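Here is the structure we will look at, set down as structure tokens.
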Amino acid sequence: MARAARASNIRFEDRTFAGTLGELPWGLILLLISMALIGTAALYSSTYTNPAESALPARHAIRFVVALGIMFVIALVPVKIWLRAAWPAYFVTLAMLVGVELFGVSGGGAQRWLPLGPVNVQPSEFMKLALTLALARYYHNNLTSDSGRFFIHLPALFMILIPAALIFKQPDFGTTLALFASGSVLIYLAGLYYRVIAAVAVTGLVSIWPVYQFVLEDYQRERVDTFLAQLTGQAVNTLDDGYQIEQAKIAIGSGGWQGRGFMEGIQAQLDYIPEQHTDFILTVIAEEFGFLGATGLLVIWAIILVWGMVIARGSSSLFGRFAAAGCVATVGFFILFNVAMVLGLVPVVGVPLPLVSYGGTVMFTTMACFGIIMSVHLGRDERLNAQGVI
Amino acid sequence: MSKQNDFEESIDRRTVTAGLAGGLMFSGLVARLAQLQLVEGKRYQKIADENGVKLELAPPERGNIVDRFGLPLASQRQAGRVSIVREQADDLEASLREVARHIDLPEEEQRRIVQQARQQASFQSTIVKSELSYDDFARMSLLAAEIPGVHVDMASTRSYPRGRDVAHVLGYVAKASGDDLARLTDGKSQEEAKLLRTLFRHPDMRTGRSGVERYAEKWLRGEPGFRKLETNAAGRVIRELDSDDLAPVPGRDIGLTIDAELQRAAIDRFGEESGAAVVLDIETGAILAFVSTPAFDPNDFVNGISYSDYNALRENDRSPLYHKAYDGTYPPGSTFKMVVATAAIESGIDPNMHVYCPGHYRFGNRTWHCWKRGGHGSVDLHWALKGSCDTYFYEIAKRTGVEKIAEVSKRFGFGQRWELGMTGGRSGTVPNDEWKRKALGEPWYQGETLNYGIGQGYLSASPLQLAVMSARIAARGRLIEPYIIGDGPRPNEPIPYAEPLDPEIMDVMKAGMYGVTSETGGTAWRSGDLGLGGPRLAGKTGTAQVRRISAAERRSGILKGEDIARKLRDHALFVAYAPADDPKYAISVVVEHGEGGSSTAAPVARDILAAAIRRDSRRAARWQTASVAPSVSTKRSAP
């Protein structure tokens, strides 16, 4: 096994700083930068007619530069530090989520912010990262060659369920889904029996109707109804609920093969689509750059994610592998869900397209995820014990 | 293979499987993209290209206001307008300079238009000048084709065809200011408020600032529609789509009780004088003429009046902005004597009682004067009314007391504001002890009761109230309520003082008023004949003091009007009804600084009443419906 042979060749501490920088996956970083540039251009195209929004593209770019810096800092922290920080990070964030429940600040119909001194923080965003790290640590410490038993996954399940329940209650449906998505990917990687997965899938299908009927809020139910109506081709009241998705489909569809050209999109320029600079930014790209442009964007993202998975696979520690895979799953979930939503394949749940949609939180979360992935890359040869000591 | 290897391989395998699953989902998205963009692309392209239906708020046509015979008082008029479209003009400034060569367009205005045009989308049009004169419109219509980007079209604007005639009643409309919007959206839901704000941003929209225009704003405004516009690829309007359900609902019309021709006759009769006149239909209380002169021209306000013009109106000492007949209050002077006499009879004083008038009246250590310096001699109530003997009324006022006079005043309609369905209106003052303590912090002195007896002092009344008083006398005490909205949002307020006056006492008053105009010794005996070969009028003169007459002046003989500056001269008042034997019209006239009720106000009142009878203003109104239904007398006294 080549990997085993390579193990402990180069330890983090043995590298010079320049050497460390040289080890970074620069191709991946370039792809991330190009993605942010695509987002800035799309934002410019969709906002330049509106003077009130003219500052958004520049702000987007500046945010990306800041987030890139944060990514570098995270990447340069040795992976063993992340391993040691995993539990504290998880529990502090969990405590903050409880704090939100008790002292939280409301905004936009949801209680998501926790006032900490002069700033309001959104613990649910931290939780995406903290949960990934904590699950990685959990499996790193407990998963052995004779795992595969069912019960080893139960604590992991609870580690997901508790924050997910708290966040669902805020309510923040998108983040809840994101936690489940990355969490279940990790449980799957850890070797949960296929028959259990099948059972869960069946239960899930069966419980769809009760969840729809009793758990969802009215506005969420309306969105699901609208979604089903447009998916089955029923006439949707185009000036009401289905307006957004209908206009999005017109915008995307009218792009054709090559699109109308940069800044030439009708739907984009005439402000037909609500939220087109945030969650629905893909409509601008699809309308102005067509099938080739939109597919190109997806391909770039696919390359980025595959690159992340390759890094995960290349890690000699379980922690590194799981942390990187969880981060890839988190970002991948955002992309898949956002695109599916814009294309009318899943109900409209506020999930942004990472690095392309305007919005600070998702940008920082995404870049932090890539920071972890790169930290794992730099520490790929380090065999860590349960406490992170090599 | 060791167990450890199995374990690692399992994780490896699953990593790959997860990646493949993700890849599968990505492929699904690409497939969906292909479906939307490649398979259905043409269809969506067509929707986006050709069927860009845009909704635009369409302002409703404001309702008209007509007089009782359907003559338009306020209506919508089409006026020419020049506008410019930025993208069609190669050079905005050059195009505007070209326009300025043909019509008046100052440079600062040009700069403002350029600035405004730059803020809008390039295909939207910016108004260069509205309300074009006919000449300008004709000239620009010919030239517009030659100037890049310039268009000429018609827009609907508010117009007041009778100009100043009914200005104070109608009020005027103007573009909604911030204050207007705050008032209009007050208490509205957020959505309604937003709609209103959007609506009033439309260049054609106006809102009522005063008068009926303001009071009945909602009634007149109508409901905005949504214009469905077909836009092409660039969002440019191709054509307007017809659509019934989205058409604006025009505002509703209002029929006033005013007779516009009578109104104009009354204004003409005033000539240069400033003053007020109110003509009431005694049968119904309908206001047939509601005159305040001079007046402003509401047409000047529709597109914004210039600051200097507005200041000129404000500083004019004949106060054209002021509705003297409704907002103005004057001491009623001797026209109030019927009220005092009624109070006296009600409190038990015999109308046949005689009082000797030597030309003055002593009370305490002060002397009150009668207007007739030689005195009236011994007079009873009838003689005191027709000769307007102040001494008699000092005496009966003293005996009746302030509280009783105040109480009876209110039954005649004094001290009360009538909600007519227009802005303004004042209640005047009916003083008594309680009022004085509250307003001035002093008790009532009995000497003030004497002044009360001749309608002076703190007492004040609007011309409308004086007309209502004379109508109530003429109708033998029936409590007539004035109204001006015949067909429309008529305010429905309960009648506050519901106890009618005694018909027999009113007959005494009528006899007195007839005496004033038609018997020897009457103060206005020359004005009794309406000049219609029969019907006469009955009335009462009055003089409202603008300032006190000093003892020195009195000794030197009262100054004649010519010697006193105009603004210090007394107001002349006259209240009347006609025909005297079968009353149909009641009137009050105030000629500001007109000196004498009999010399100035009475002839004006006579001529207006004659005009009303000649015009037969009580004819059934055009708008009259069952719901309004004032009973119309079939007896016609005019030949």
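Residue numbers (this note's numbering), protein chains in the order written: chain C, 1 to 390; chain L, 391 to 1029. Glycine residues also receive a C-beta, built at the ideal position from the N, C-alpha and C atoms. Since the structure is predicted, the reported quantities are computational estimates derived from the model, not experimental observations.
Which residues in chain L sit within 7 Å of Tyr188/C, going by Cβ to Cβ distance? Stepping through the first sequence from its first residue, residue 188/C is reached at position 188. Chain L residues near Tyr188/C: Arg404 and Ala408.
State buried or exposed for Ser778/L, treating a residue as buried only when at least 16 other CB atoms are found within 10 Å of its CB. Indexing the second sequence from 1 puts residue 778/L at position 388. By the neighbour-count rule (16 or more Cβ atoms within 10 Å), Ser778/L is buried.
Whole-angstrom C-beta distance between Leu114/C and Phe103/C, which should lie under 8 Å: Numbered from its first residue, the first sequence carries residue 103/C at position 103. Numbered from its first residue, the first sequence carries residue 114/C at position 114. Yes, Phe103/C and Leu114/C are in contact; Cβ-Cβ is about 7 Å, under 8 Å.
Chain-ordered chain C contacts of Arg422/L [CB-CB under 7 Å]: Position 32 of the second sequence, counted from the first residue, corresponds to residue 422/L. Close to Arg422/L, with beta-carbon spacing below 7 Å, are these residues of chain C in chain order: Leu343 and Leu345.
Interface partners of Arg708/L on chain C, CB under 7 Å: As a working note, residue 708/L is residue 318 in the second sequence. Those within 7 Å of Arg708/L in chain C number zero; the least Cβ separation is about 50 Å.
Any beta carbon from chain C within less than 7 Å of Gly615/L's own beta carbon? To locate residue 615/L, count along the second sequence from 1; it is residue 225. Gly615/L does not count as touching chain C.
Contacts of Met159/C in chain L (Cβ-Cβ under 7 Å): By 1-based counting over the first sequence, the position of residue 159/C is 159. Neighbours of Met159/C in chain L, taken as residues at a C-beta separation under 7 Å, are lacking, since the least C-beta distance is about 19 Å.
Classify His492/L as helix, strand or coil using the three-state DSSP reduction. What you label residue 492/L is simply residue 102 of the second sequence in a count that begins at 1. Here DSSP, grouped into helix, strand and coil, assigns His492/L to helix.
Evaluate the contact criterion for the region 419–435 of chain L versus the region 253–260 of chain C: three or more CB pairs, one atom per stretch, below 8 Å. Judged by Cβ distances under 8 Å, the region 419–435 of chain L makes contact with the region 253–260 of chain C, as three or more pairs qualify.
Going by DSSP, what residue range makes up the alpha helix (DSSP H) through Thr203/C? Working through the first sequence from its first residue, we reach residue 203/C at position 203. It spans Tyr194 to Pro210 - the alpha helix (DSSP H) in which Thr203/C sits, taken as one unbroken run.
Going by the CB atoms, is the gap between Val556/L and Leu652/L shorter than 7 Å? Locating residue 652/L in the second sequence gives position 262, where the first residue counts as 1. Locating residue 556/L in the second sequence gives position 166, where the first residue counts as 1. No, they are not a contact pair.
Would Ala987/L and Thr910/L be called neighbours here (beta carbons separated by less than 7 Å)? Within the second sequence, numbered from 1, the residue matching residue 987/L stands at position 597. Within the second sequence, numbered from 1, the residue matching residue 910/L stands at position 520. Looking at the sequence provided, one finds Gly at residue 987/L rather than Ala. Between Gly987/L and Thr910/L, the C-beta gap is not smaller than 7 Å, which leaves the two residues out of contact.
When burial is assigned at 16 or more other CB atoms within 10 Å of the CB, is Ile62/C buried or exposed? Reading the first sequence from its first residue, position 62 is the one you call residue 62/C. With fewer than 16 Cβ atoms within 10 Å of its Cβ, Ile62/C is classed as exposed.
Given that Gln478/L touches chain C, what residues does it touch there, using C-beta distances under 9 Å? Indexing the second sequence from 1 puts residue 478/L at position 88. Those do not exist, as Gln478/L stays about 19 Å from chain C at its closest Cβ, beyond 9 Å.
Please confirm whether Glu483/L has its beta-carbon closer than 7 Å to some beta-carbon of chain C. Position 93 of the second sequence, counting from 1, holds the residue named residue 483/L. Chain C, which has no Cβ nearer than 7 Å to the Cβ of Glu483/L, makes this no.
Could you tell me how far apart the beta carbons of Val372/L and Leu999/L are, in whole angstroms, since I believe they sit closer than 8 Å? In the structure as shown, chain L begins at 391 and stops at 1029. Residue 372/L is therefore absent and cannot be evaluated.
Suppose contacts are defined by Cβ-Cβ distances below 7 Å. Is Ile739/L in contact with Ile786/L by that definition? Start at 1 with the first residue of the second sequence, and residue 739/L comes out as number 349. Start at 1 with the first residue of the second sequence, and residue 786/L comes out as number 396. In this structure, the beta-carbon distance from Ile739/L to Ile786/L falls below 7 Å.
Examine chain C for any beta-carbon lying closer than 7 Å to the beta-carbon of Tyr700/L, and answer yes or no. Mapped onto the second sequence, residue 700/L falls at position 310. No, its Cβ sits nowhere closer than 7 Å to a Cβ of chain C.
How about Gly253/C: is its C-beta nearer than 7 Å to some C-beta of chain L? For the purposes of this step, residue 253/C is taken as residue 253 along the first sequence, with counting starting at 1. So yes, Gly253/C belongs to the interface.
Could you tell me how far apart the beta carbons of Met325/C and Thr405/L are, in whole angstroms, since I believe they sit closer than 8 Å? Position 325 of the first sequence, counted from the first residue, corresponds to residue 325/C. Position 15 of the second sequence, counted from the first residue, corresponds to residue 405/L. Checking the displayed sequence, the identity of residue 325/C turns out to be Ala instead of Met. Confirmed, Cβ separation roughly 7 Å.
Output the distance between the C-alpha atoms of Ala624/L and Phe214/C, rounded to the nearest integer angstrom. For the purposes of this step, residue 624/L is taken as residue 234 along the second sequence, with counting starting at 1. For the purposes of this step, residue 214/C is taken as residue 214 along the first sequence, with counting starting at 1. Any answer about Ala624/L is weak, because its pLDDT of 45 lies below 50 and its placement is not dependable; what the coordinates show is given next. Cα to Cα, the separation comes out at about 46 Å.
When you compare the CB of Leu31/C with every CB in chain L, is at least one pair closer than 7 Å? By one-based count along the first sequence, residue 31/C stands at place 31. Taking a beta-carbon distance threshold of 7 Å, Leu31/C does not count as an interface residue toward chain L.
DSSP has Ser1035/L in a bridge; who is on the other side? Residue numbering for chain L in the displayed model covers 391 to 1029; residue 1035/L lies beyond these limits and cannot be assessed.
Who are the near neighbours of Leu589/L in its chain, counting only those whose CB is closer than 7 Å to its CB and skipping five residues on each side? Within the second sequence, numbered from 1, the residue matching residue 589/L stands at position 199. Taken in chain order, the residues that qualify are Leu447, Pro449, Met595 and Pro614.
Could you work out which residues of chain C lie near Gln435/L, taking near to mean beta carbons separated by less than 8 Å? Along the second sequence, one-based indexing puts residue 435/L at 45. Chain C residues near Gln435/L: Gly253, Ser254 and Gly256.
Closer than 7 Å to chain L by CB, Gly320/C: For the purposes of this step, residue 320/C is taken as the residue at position 320 of the first sequence. Not a single CB atom of chain L sits nearer than 7 Å to the CB of Gly320/C.
Measure the CB-CB distance between Thr366/C and Leu355/C and report whether it falls below 7 Å. Taking the first sequence and counting its residues from 1, one reaches residue 366/C at position 366. Taking the first sequence and counting its residues from 1, one reaches residue 355/C at position 355. It is a contact, given that the beta carbons lie within the stated cut-off.
Rounded to a whole number of angstroms, what is the C-alpha to C-alpha distance between Lys584/L and Arg591/L? The count along the second sequence starts at 1 and reaches residue 584/L at position 194. The count along the second sequence starts at 1 and reaches residue 591/L at position 201. Between Lys584/L and Arg591/L, the C-alpha separation is close to 11 Å.
How about Tyr967/L and Ala928/L: do their beta carbons lie closer than 7 Å? Counting from one through the second sequence, the residue named residue 967/L turns up at place 577. Counting from one through the second sequence, the residue named residue 928/L turns up at place 538. Between Tyr967/L and Ala928/L, the C-beta gap is smaller than 7 Å, which places the two residues in contact.
Sort out for me which residues DSSP pairs Phe753/L with in a bridge. Taking the first residue of the second sequence as position 1, residue 753/L is located at position 363. Looking at the DSSP assignment, Phe753/L forms a beta bridge with Arg756/L.
Give me the chain C residues within the contact set of Gly412/L, using Cβ-Cβ distance strictly less than 7 Å, ordered along the chain. Residue mapping note: residue 412/L aligns to position 22 of the second sequence, counting from 1. Contact of Gly412/L with chain C by beta-carbon distance below 7 Å involves Leu305 and Gly332.
If you run the structure through DSSP and keep just helix, strand and coil, what is Gln509/L? The residue given as residue 509/L occupies position 119 in the second sequence. Gln509/L sits in a helix when the DSSP states are folded into three classes.
For Arg502/L, name the three-state secondary structure that DSSP assigns. For the purposes of this step, residue 502/L is taken as the residue at position 112 of the second sequence. Three-state DSSP puts Arg502/L in a helix.
Coil, strand or helix - Leu522/L by DSSP: As a first step, residue 522/L is located in the second sequence; it is residue number 132 there, counting from the start. Secondary structure at Leu522/L: strand, using DSSP grouped into helix, strand and coil.
I'd like to check one pair, Ala865/L with Ile672/L: are the Cβ atoms closer than 7 Å? Counting from one through the second sequence, the residue named residue 672/L turns up at place 282. Counting from one through the second sequence, the residue named residue 865/L turns up at place 475. Yes, Cβ-Cβ distance for Ile672/L and Ala865/L is below 7 Å.
What separation, rounded to the nearest whole angstrom, lies between the Cα atoms of Ile70/C and Gly261/C? As a position in the first sequence, residue 70/C is number 70, starting the count at 1. As a position in the first sequence, residue 261/C is number 261, starting the count at 1. Just so you know, the alpha carbons of Ile70/C and Gly261/C end up roughly 34 Å apart.
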